[in-house]
C-alpha cells in the first residue's frame, strides 16, 4: 500500500537509525526503497545489507545526481498506491504511517500531513503546520489554506510547511509534480514539489501530531559558506522554475506573490553571499542601525545565526562580543562557541542583534530583551528594508521592464 522512498548520500552515521525506524512501523504493508545516490562512505553496503535482511527493502544504486534525482529514481521504482519520503539522516515514530494511512482512508483525501520534531543534539522542539487540524476539501483550501499556504502576512509565517517528508501522498496526486522538478535544484527542492502538488490536490488532512524527527546539524547547506556564484544561480533557477509552475496553475489560486516572499525568506540568512554589494554596505543588512565596526551580541544560533556568525568571524564586519542562544548546551556539544543568554548582562557591546527570521518568536524575544536592556540597543531585522526596491534589486528579484507589464505575475 505504501512505498517509502529514502534518498541516501554519505550519511553512514545516521542511516541505520533511519531505516530501523521505518522497519519498526506498526503498519507493515509497505516497501522501503533506499536510493544510494553515489555515496562514497559505505552507505551503499549498508543499503545492500538491509535489502538482504528484509524483502520489503529494495536498494537502488545510481551515480550522484542530487536529492531531486534520487527522489525521482525512488518514485519510479515504487509500487505503492501511496508515497512517503524519509530523508536518510532523519527518523520517524513507530506509528507514523499507520496513523497517516488511517486518516487517508477515513477522510478520503489526496494528502495527509503531520507535525515534526526538530531534534538538535538532545534538545527537541515540536513544530506544527500553521492551520487548524482537520480535513480541507477544495472549497476550504481556497478559503483557509491557499491564502497563506506559502507565506502569510507576517515575515515569516506560513500555513503549510513545504517538506515532502512529513506527508503521505496519493501516488497519482504526487507523481506528475515530483517528476517535473528540475534536477539541477539543490535547494528548495521540497517547495518545488509539495506546494504545486497541494495547489492541485482536491483535499488534504492536517494532523497536529508530531511523527517525524527532523535532525538539525551544523553541516546543512545554509550554515556553510558555499560558492556564492553557485548560490545565486540556484536561487535564480528555483525562483524562475517554481514561479512558472505557479503561473501555470494561477487559475486555481495565484501564489506568485507569496512565492516571492518565501524566496526572500530563504535569501535573508544567506545575504552575505546573495546580496550584491553586501560587504560595501555601511551597516549590517538587514539591521540598518547596526553600523560597520560595531561591537555586537548575536542572539540566535540557528541556521541564520550560524551563517551570520561565520561571515562576521571571516570578515570582521562587526566584532562579536558574544554569541548566545537558549539552546546553548546542545549547540556547544555540537562544537559551536555559543553561550548562555545570561552572559549578556556582563558584556560590553553596542547592540544586541536578534538573528531570527520568524516574526512571532523574534517579537517575543524582543519584548523580553527591552525589559532588561535599553530599547535602542536591541535590533530586529527591518521588515521595510527587506521588502524595499533596493533589496529586491540587490537579490536579483527586481521586476524588469517585461515584469512591469505583468506585475501581478511575480
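In the working numbering, the protein residues as written are 733 to 1142.
A virtual CB, placed ideally from N, CA and C, is assigned to each residue, including glycine.
If you're wondering where the values come from, they're calculated on a predicted model, not measured in any experiment.
Residue i (DSSP reduced to helix, strand or coil)
| i | result |
| --- | --- |
| residue 860 | coil |
| residue 750 | helix |
| residue 1087 | coil |
| residue 776 | helix |
| residue 817 | strand |
| residue 763 | strand |
| residue 1042 | helix |
| residue 1069 | coil |
| residue 1014 | coil |
| residue 791 | strand |
| residue 846 | strand |
| residue 1056 | strand |
Alpha-carbon spacing of residue i relative to residue j, whole angstroms
| i | j | result |
| --- | --- | --- |
| residue 866 | residue 916 | 35 Å |
| residue 1032 | residue 1087 | 5 Å |
| residue 934 | residue 843 | 9 Å |
| residue 1019 | residue 1044 | 14 Å |
| residue 1095 | residue 1111 | 11 Å |
| residue 740 | residue 780 | 12 Å |
| residue 940 | residue 897 | 15 Å |
| residue 738 | residue 765 | 6 Å |
| residue 908 | residue 1028 | 49 Å |
| residue 832 | residue 895 | 16 Å |
| residue 707 | residue 1024 | Because residue 707 is not part of the residues shown, which for the chain are 733 to 1142, the question remains open. |
| residue 772 | residue 778 | 12 Å |
| residue 884 | residue 847 | 19 Å |
| residue 755 | residue 906 | 23 Å |
| residue 1067 | residue 1037 | 14 Å |
| residue 903 | residue 816 | 9 Å |
| residue 959 | residue 969 | 15 Å |
| residue 1078 | residue 945 | 37 Å |
Residues bridged to residue i (per DSSP)
| i | result |
| --- | --- |
| residue 1027 | 1051 |
| residue 868 | 936 |
| residue 855 | 852 |
| residue 824 | 944 |
| residue 739 | 767 |
| residue 899 | 845 |
| residue 1111 | 1085 |
| residue 1019 | 1016 |
| residue 734 | 762 and 814 |
Supposed close pair residue i, residue j - CB separation, criterion 8 Å
| i | j | result |
| --- | --- | --- |
| residue 1118 | residue 990 | Going by Cβ atoms, the distance from residue 1118 to residue 990 rounds to 15 Å, so no, they are not a contact pair. |
| residue 830 | residue 758 | 4 Å |
| residue 948 | residue 852 | 4 Å |
| residue 1085 | residue 1030 | 6 Å |
| residue 1083 | residue 1109 | 5 Å |
Q) Does the pairing of the segment 934–946 with the segment 832–846 give three or more beta-carbon distances under 8 Å? A) yes
(Q) Does the segment 882–898 come into contact with the segment 855–871, if we say contact requires no fewer than three beta-carbon pairs (one atom in each stretch) closer than 8 Å? (A) yes
Q) So does the segment 968–988 actually touch the segment 917–930, counting three or more Cβ pairs closer than 8 Å? A) Result yes; three or more Cβ-Cβ pairs closer than 8 Å.
**Q.** Meets three-Cβ-pair contact criterion under 8 Å: the segment 1098–1109 and the segment 982–989
**A.** no
Q) Counting pairs of beta carbons, one from the segment 796–806 and one from the segment 744–753, are three or more of them closer than 8 Å? A) no
Q) Would you say the segment 805–819 touches the segment 747–764, given that touching needs at least three Cβ pairs under 8 Å? A) yes
(Q) Using 8 Å as the cut-off, can you tell me whether the segment 996–1012 makes contact with the segment 1054–1061, which would need three or more C-beta pairs spanning the two stretches below that distance? (A) Taking one beta carbon from each stretch, the segment 996–1012 and the segment 1054–1061 have fewer than 3 pairs nearer than 8 Å; the two do not touch.
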